[in-house]
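Following: one structure in structure tokens, then a few remarks.
In our numbering, the protein residues as written are 256 to 426.
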């Protein structure tokens, strides 16, 4: 059996190899664009779901207290940017921010319907209950929060807090 001479097909083989390499590089480029667009869409979707959940909860709370004018009608937690020990800004992804805000809001549900004129004693209670509280398994990590400010404006309890990853003490 004879082997055909491949010298005749060298230009064709180079052209085919160039086409295959170009196709692979083009597919990688297209996939990187697709992945970045999908990640941006996912982050936007998470942020919109968080706002929708907040609006639904606020609507429910406002309906519950619509005839009472001097009570806390809704809770709005605000996650502040904070810095680590080296001065670097700690940046959380959208999913972690959403989960931390949701857990703080759930921890403060006892404040709904409370008189806004008694906020001084209630704020001290909230600070004692939630200061350095550890939230476990938030997106596979544990976080500790620190209450910075508690303020009531127009029947909305706004709580500014900072969070950092919890470092377990050595055993």
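Quick reminder that beta carbons are idealized off the backbone N, C-alpha and C, glycines included.
Measuring alpha carbon to alpha carbon, tell me which of the options ends up nearest residue i.
i	options	result
residue 370	386, 407 and 349	407
residue 397	385, 379, 383 and 418	418
residue 390	399, 317 and 306	399
residue 355	293, 316 and 395	395
residue 360	374, 323, 322 and 316	316
residue 347	260, 420, 280 and 264	420
Any heavy atom of the ligand SAM closer than 7 Å to the beta-carbon of residue i?
i	result
residue 320	Annotation note on the ligand SAM: not contained in the displayed structure, which lists no ligands.
With C-beta atoms as the reference, is residue i less than 8 Å away from residue j?
i	j	result
residue 387	residue 401	yes
residue 329	residue 411	yes
residue 310	residue 368	no
residue 345	residue 337	yes
residue 305	residue 351	no
residue 416	residue 363	no
What residue range is occupied by the uninterrupted beta strand (DSSP E) comprising residue i?
i	result
residue 402	396 to 408
Which residues does DSSP list as the beta-bridge partners of residue i?
i	result
residue 416	334 and 402
residue 388	400
residue 329	411
residue 370	326
In the DSSP assignment, find the alpha helix (DSSP H) that holds residue i and state where it starts and stops.
i	result
residue 360	349 to 362
residue 292	265 to 319
Measure the alpha-carbon distance for residue i versus residue j and round it to whole angstroms.
i	j	result
residue 289	residue 357	30 Å
residue 301	residue 293	12 Å
residue 372	residue 331	18 Å
residue 276	residue 349	38 Å
residue 284	residue 295	17 Å
residue 298	residue 385	28 Å
residue 424	residue 383	21 Å
residue 375	residue 403	15 Å
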